[in-house]
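Which chain is which? The protein sequence lines are L and Z, in order. So for the first sequence, my numbering puts the first residue at 1324; every next one is plus one. So for the second sequence, my numbering puts the first residue at 12; every next one is plus one. Built from N, CA and C at the ideal position, the CB exists for glycine as well. Below is one structure, written out as structure tokens, with a few remarks after it.
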Amino acid sequence: MIARLLLANLLELGAGIGIAAFLRLPFGASYLAGIGLTGVLSAHLALVHVTYGWLALAVACAVSLGLGYRTGRLPALQLRRPRLGLIGWPACVALLILTVHAWPVFRSKPLDNYDAWAMWGMKAKALTIFGWADPHLFAASSAAPLHLDYPLLVPSLEAVTARAMGGFNPEAIHLQFLLIGVAGIAAFHGYLRQTVSRRLTWPWLVVLGAAPAFVGQLLTAYADIPLALFVGAAVLASAAWIAQGAGGLPIAPAFFLACAALTKNEGVVYAAALLIALLVATRRLRGVVFAGLCVEASLLPWQIWLAARHVHSDTLLTVHSLEVRHPGIAPLALHALLRPALSLDSWPLILPLFGIAVLLARATHVAVFGATFVVVAFLGLDWIYVVSPLEWSNYLSYSGDRVIDGALVGAAVLTPLLATQRASRIGTP
Amino acid sequence: MRRLICFVGAVVAITIGFPETWDELSAAHSRLGASEARIAPAVHEQLDLSLIDVWAAQIGPHDRWWIVVPADRPEGLTTRAEVYRAYATYAFLPAVPASSLADATVVLRPKALP
Chain L
1324 MIARLLLANL LELGAGIGIA AFLRLPFGAS YLAGIGLTGV LSAHLALVHV TYGWLALAVA
1384 CAVSLGLGYR TGRLPALQLR RPRLGLIGWP ACVALLILTV HAWPVFRSKP LDNYDAWAMW
1444 GMKAKALTIF GWADPHLFAA SSAAPLHLDY PLLVPSLEAV TARAMGGFNP EAIHLQFLLI
1504 GVAGIAAFHG YLRQTVSRRL TWPWLVVLGA APAFVGQLLT AYADIPLALF VGAAVLASAA
1564 WIAQGAGGLP IAPAFFLACA ALTKNEGVVY AAALLIALLV ATRRLRGVVF AGLCVEASLL
1624 PWQIWLAARH VHSDTLLTVH SLEVRHPGIA PLALHALLRP ALSLDSWPLI LPLFGIAVLL
1684 ARATHVAVFG ATFVVVAFLG LDWIYVVSPL EWSNYLSYSG DRVIDGALVG AAVLTPLLAT
1744 QRASRIGTP
Chain Z
12 MRRLICFVGA VVAITIGFPE TWDELSAAHS RLGASEARIA PAVHEQLDLS LIDVWAAQIG
72 PHDRWWIVVP ADRPEGLTTR AEVYRAYATY AFLPAVPASS LADATVVLRP KALP
């Protein structure tokens, strides 16, 4: 069963290597890109009664590698002794030991966190059994309290894994989340190693990978950390685009933002925050509009399906999101969101160190981008509670410590980047 | 200077976070058997397992079920009946919830939802 799970992930990695070459992503981002590609394809194909199993995994891998091969940018296979340096080696070993320690925990974890089984797991199990998003369940008004309007990337990924394993296993499915975590850390390494020294890259990968909130929430099998990883990759891809002069179109940020938007409704908030930050930092409207259109295009099949099936949404960003239901709670909600963000037990020192890094690098495009992204993301998340029809204090206590993940992961991956001297000075890019 | 602050900050953050994460992972190691793991969500939500067993015996894989809810009470962001419905939706697949009482092939009428 585990071997089949790993084989499916190997095919996703293969698809990712091809798509990374095609989209000019760093090689390290291949695995996360492959997971994102699998999630997007399987989620959309589930709407039209196409089951994403071994055949689809193999075809996606072959087609993607073929595309990558045609670009001539596929990495050459050569075994080299990794050069990690005095800091890199212990940091890399620490991450490996933590992963080995986590493996049996994720392998045996029962699916008992409410949203994990009631929402994500239920949809994943149904997709595994039915082979598609059967509207008898996915558009059933009687199942509406289970957030049928949330997009299907995560349950589709779980279903792909479950099919590979031979059925939905509520314990082993957690391993897919651990592998998503590994893919995310690898993607961050792929981006950071381009501009940041090993002495800073590796410690910050450990800071993130060993943060109690990161591992603890990954273990719940909720979609918040997968969303945060896509957001983090989009943030780094955006920083790379800015550092290269913001020429051409921001294809890599658009790809990861599209994955984020299809992961969870809050992904749209993060996409908006990141696009605003890109616009503020670069003034490149054409690129920002392009990325926004890519995000919308990735969401469109799901939005059409929801409209055609009359599935009600109380969380999607619609005109209802301008209707203030809890006037005056914004400062309280923001305070409640910042508390876990600053907690040493959740994301130790990440936000304060990001703040210091922004101040020290304030005259750079990346600092303007990073600061704007984090501030707008927190304000956007705050707005969710102001306009939500749900009782706001309960809603905050159940979700406030999770919705902030994307902002924290984004801040964490930007901090070592801001600390380097290669960040571009403010001026016309 | 920027890099030194960033490096020292990272070391301090790792010193705080790594041991806590390690301990939390150690504490989260589950040793449940397969059957215990299967009902873990119901146990976690303190649902009536005997009631769920009775329902499971009545529902076939192609049924559309409907729960006639007795007195309900709020629970977090939802209600007690919705928690039972959510569990039934998850656990009784491929049977699905009916769109209405009239559409149901199996009607479940619990006297109470503890």
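- Taking 7 angstroms as the threshold, the shortest C-beta distance from Z:Leu-60 to chain L does not fall below it.
- The straight-line gap separating the alpha-carbon atoms of L:Ile-1420 and Z:Ala-67 is approximately 43 angstroms.
- At a cut-off of 7 angstroms, the C-beta of Z:Phe-103 has no neighbouring C-beta in chain L.
- Going by C-alpha positions, L:Gln-1567 is about 13 angstroms away from L:Ala-1604.
- Contact annotation, L:Ile-1410 with Z:Ile-16: C-beta distance approximately 15 angstroms; criterion of less than 8 angstroms not satisfied.
- Contact annotation: the region 1717 to 1730 of chain L touches the region 83 to 97 of chain Z, with at least three C-beta pairs closer than 8 angstroms.
- Between the alpha carbons of Z:Ala-92 and Z:Gly-44 lies a gap of roughly 28 angstroms.
- In this structure, DSSP gives Z:Leu-119 an extended state, which the three-state scheme calls strand.
- Chain L places a beta carbon closer than 7 angstroms to that of Z:Val-107, counting this residue as a contact.
- The alpha carbon of L:Ile-1727 has as its nearest neighbour, out of L:Leu-1713, L:Arg-1685, L:Ser-1666 and L:Ser-1711, the alpha carbon of L:Ser-1666.
- Between Z:Asp-74 and Z:Val-117, the CB-CB gap stays under 7 angstroms.
- Exposure of L:Ile-1325 is indicated by the presence of fewer than 16 other C-beta atoms within 10 angstroms of its C-beta.
- Note that the C-beta distance between L:Phe-1491 and L:Leu-1541 is not below 7 angstroms.
- Contact note: Z:Pro-81 does not reach chain L at a C-beta cutoff of 9 angstroms; the least C-beta distance is about 17 angstroms.
- As for any beta strand (DSSP E) of minimum length 3 sitting wholly inside the region 15 to 92 of chain Z, the runs are 75 to 78, ordered along the chain.
- Ranked by Cα distance from L:His-1459, the options Z:Pro-121, Z:Leu-124, Z:Ser-111 and Z:Arg-120 are led by Z:Ser-111.
- When the five nearest sequence neighbours on each side are left out, the beta carbons in the same chain lying within less than 6 angstroms of the beta carbon of L:Leu-1559 are those of Tyr-1514 and Val-1736, in order along the chain.
- L:Val-1612 is not a Cβ neighbour of L:Ala-1594, given a cutoff of 7 angstroms.
- For L:Thr-1524, the closest C-alpha among the options L:Val-1371, L:Ala-1509 and L:Ala-1463 is that of L:Ala-1509.
- Residues of chain Z whose Cβ lies closer than 7 angstroms to the Cβ of L:Arg-1522 are, in chain order, Phe-18.
- Any Cβ of chain L closer than 7 angstroms to the Cβ of Z:Leu-36 would place that residue at the interface, and such an atom is present.
- In the DSSP annotation of this structure, the continuous segment of the alpha helix (DSSP H) that includes L:Trp-1625 starts and ends at 1608 to 1631.
- In the same chain as L:Ala-1485, and ignoring 5 residues on each side of it, the C-beta atoms closer than 6 angstroms to its own belong to Thr-1451 and Phe-1491, in chain order.
- L:Ala-1577 has its alpha-carbon roughly 28 angstroms from the corresponding atom of L:Pro-1675.
- When rounded, the separation of the alpha-carbon atoms in Z:Val-107 and L:Ala-1575 is 40 angstroms.
- L:Met-1488 sits buried, since 16 or more C-beta atoms from the chains shown fall within 10 Å of its C-beta.
- Counting only residues of its own chain and dropping the five nearest sequence neighbours on each side, Z:Asp-83 has a CB closer than 7 angstroms to the CB of Thr-90, Arg-91 and Ala-92.
- Between Z:Tyr-98 and Z:Leu-58, the C-beta gap is smaller than 7 angstroms, which places the two residues in contact.
- Nearest CB-CB separation between Z:Glu-31 and chain L: below the 7 angstroms threshold.
- Judged by pairs of C-beta atoms under 8 angstroms, the region 1377 to 1393 of chain L touches the region 1334 to 1346 of chain L, as three or more such pairs exist.
- L:Leu-1434 and Z:Leu-36 have their alpha carbons spaced roughly 15 angstroms apart.
- Around the beta carbon of L:His-1372, fewer than 16 other beta carbons lie within 10 angstroms, which makes this residue exposed.
- In this structure, L:Ala-1366 and L:Leu-1476 form a Cβ contact; the two beta carbons are roughly 5 angstroms apart against a cut-off of 8 angstroms.
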